[in-house]
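Single-structure report; data block below.
Numbering (the UniProt record's numbering), first residue to last: 1 to 399.
Rendered as structure tokens:
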């Protein structure tokens, strides 16, 4: 559909949905972002909605500056998926034992491991760089030094909220019925702690005193505060990537134990809360994607819907107007509190019919009805990505 400019902003703010459908709070946030002097431009994805400081579903290109709120507190949050050789015919009618085996192998919610993961004991997990990665923990903000053991024990754990693990079936095409494994998670508590500490530092810097929203406080290039943030940011993004890699390897092992003949393709992985150094029109910028994936030409990405509506594997088209980006999912259309007031467990059961998953009050806020229509979101970004595969979950694990 292409983009629509958001009126009344200093820097260009390009919107891949009807601007009049954006909630008022989110629209104000986008205008505040577009007013910042360091902003080169903003691309707004069709799953846009209000967020803390910066809007979820926003891609912000800044010159010589970065706003930690434009990354969010779950640094490096993203998706991983792998296609298997299994088909729907290989799966049993009762998927509850498979779900239970996944939950036994991968802690969910607030749970963590009794001991840190030993990569050498996880089949299929990359072995390179683990010692150096953990040595770098000592270089992080000294206020998180006491969290190293917790960070080690949370590596390879899912978390709660909208994080999930799924077994999916491909829909349509020559591979109809092919089984995929998919998961969504990030940098757990350590990413949150680092993000919040740096946000607090940024709000106290003199150049941020006159901002329209103090939560949009930035770090400037060449300053000690920027260097400290980038150091911790890169580490947290790597933690999130390794966290997903551990879980995907463990998930693959669970499936291998149930189906010894299974084979796996190369995994797909993408962040959707992160910072990248990129260049557009000859200008070097720091691009923050908060609820958006990179969709450079040929890039493979993952765009999930909700726990009852399925997901998409996509290939980027490299649209520079969007800073080579696409949405990270369907996006919420109502808050968690509103979802709990609106829907019941009976509604949840109805909307997740055919999916082996939790159907209790603890996950009503994740009901499909609380999210935008993923098919409409995909239609609004046809110039950003092409669909490689449409997946529908048959098992969904949530914390």
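A virtual CB, placed ideally from N, CA and C, is assigned to each residue, including glycine. These numbers were taken from a predicted model, which means no experiment stands behind them.
Per DSSP, residue i is paired with what?
| i | result |
| --- | --- |
| residue 284 | 279 |
| residue 58 | 44 and 290 |
| residue 301 | 314 |
| residue 398 | 164 |
| residue 239 | Note: residue 239 sits in no beta bridge, so no partner. |
| residue 389 | 313 |
| residue 67 | According to DSSP, residue 67 bridges with nothing at all. |
| residue 4 | 15 |
| residue 75 | DSSP, once it has assigned bridges, lists no residue as partnering residue 75. |
| residue 269 | 80 |
| residue 49 | 56 |
By Cβ distance below 6 Å, which residues in the same chain neighbour residue i in space, the five residues on each side in sequence not counted?
| i | result |
| --- | --- |
| residue 309 | 368 and 374 |
| residue 328 | 272, 291, 292 and 293 |
| residue 221 | 64 |
| residue 13 | 6, 30, 34 and 42 |
Please work out which residues of its chain come closer than 7 Å, Cβ to Cβ, to residue i, disregarding the five sequence neighbours upstream and downstream, and give them in chain order.
| i | result |
| --- | --- |
| residue 104 | none |
| residue 246 | 117, 122, 125, 155 and 156 |
| residue 339 | 364, 365, 367 and 370 |
| residue 424 | No answer is possible for residue 424: the residues shown for the chain start at 1 and end at 399. |
| residue 198 | 68, 229 and 232 |
| residue 99 | 356, 395 and 397 |
| residue 235 | 136 and 140 |
| residue 214 | 203 and 208 |
| residue 148 | 137 |
Return the CA-CA distance between residue i and residue j, expressed in angstroms with no decimal places.
| i | j | result |
| --- | --- | --- |
| residue 344 | residue 371 | 15 Å |
| residue 69 | residue 259 | 43 Å |
| residue 137 | residue 279 | 30 Å |
| residue 226 | residue 205 | 11 Å |
| residue 270 | residue 288 | 14 Å |
| residue 150 | residue 112 | 8 Å |
| residue 208 | residue 38 | 12 Å |
| residue 219 | residue 16 | 28 Å |
| residue 32 | residue 74 | 22 Å |
| residue 142 | residue 388 | 44 Å |
| residue 357 | residue 191 | 27 Å |
| residue 242 | residue 130 | 9 Å |
| residue 134 | residue 120 | 15 Å |
| residue 251 | residue 79 | 14 Å |
| residue 85 | residue 257 | 14 Å |
| residue 11 | residue 71 | 19 Å |
| residue 194 | residue 333 | 28 Å |
| residue 354 | residue 285 | 45 Å |
| residue 48 | residue 6 | 13 Å |
| residue 393 | residue 266 | 20 Å |
| residue 57 | residue 76 | 15 Å |
| residue 311 | residue 183 | 11 Å |
| residue 391 | residue 210 | 47 Å |
| residue 9 | residue 146 | 43 Å |
| residue 165 | residue 181 | 8 Å |
| residue 40 | residue 379 | 27 Å |
| residue 200 | residue 52 | 13 Å |
| residue 179 | residue 314 | 17 Å |
| residue 24 | residue 384 | 25 Å |
| residue 83 | residue 253 | 14 Å |
Assuming residue i contacts residue j under a Cβ cut-off of 8 Å, what Cβ separation, rounded to an integer in Å, is found between them?
| i | j | result |
| --- | --- | --- |
| residue 96 | residue 169 | That pair is no contact at about 17 Å. |
| residue 216 | residue 67 | 5 Å |
| residue 276 | residue 294 | 7 Å |
| residue 22 | residue 42 | Actually they do not touch by this definition, with Cβ atoms about 13 Å apart. |
| residue 81 | residue 303 | Not confirmed; about 11 Å, so no contact. |
| residue 55 | residue 26 | 5 Å |
| residue 36 | residue 106 | Between residue 106 and residue 36 the Cβ distance is about 40 Å, and since that is not below 8 Å, they are no contact. |
| residue 185 | residue 163 | 5 Å |
| residue 342 | residue 307 | So it is not a contact: roughly 16 Å between Cβ atoms. |
| residue 331 | residue 377 | 7 Å |
Leaving out the 5 sequence neighbours to the left and right, which residues in its chain are closer than 8 Å to residue i when beta-carbon positions are compared?
| i | result |
| --- | --- |
| residue 297 | 316, 317, 318 and 324 |
| residue 153 | 112, 113, 114, 115 and 116 |
| residue 402 | In the structure displayed, the chain extends from 1 to 399; residue 402 sits before or after that span and is not available. |
| residue 347 | 364, 367 and 369 |
Between residue i and the ligand ATP, is there a pair consisting of the residue's CB and a ligand heavy atom that are separated by less than 8 Å?
| i | result |
| --- | --- |
| residue 184 | Of the ligands one can find in the structure shown there are none, so the ligand ATP has no counterpart to examine. |
Which parts of the segment 159-229 are runs of the beta strand (DSSP E), unbroken and 3 residues or longer, counting only runs that do not cross its ends?
-> Inside the segment 159-229, DSSP marks whole beta strand (DSSP E) runs of 3 or more residues at positions 164-170 and 178-185, from first to last along the chain.
*Could you pull out every unbroken alpha helix (DSSP H) segment of at least 4 residues lying fully inside the segment 78-155, listed in chain order?*
96-105, 130-135 and 148-154
Unbroken beta strand (DSSP E) runs of length 3 or more, entirely within the segment 313-384: which are they?
325-327
### Message
Suppose only complete runs of 3+ residues qualify. What are the beta strand (DSSP E) ranges in the segment 9-43, listed by chain order?
### Response
13-15, all fully within the segment 9-43.
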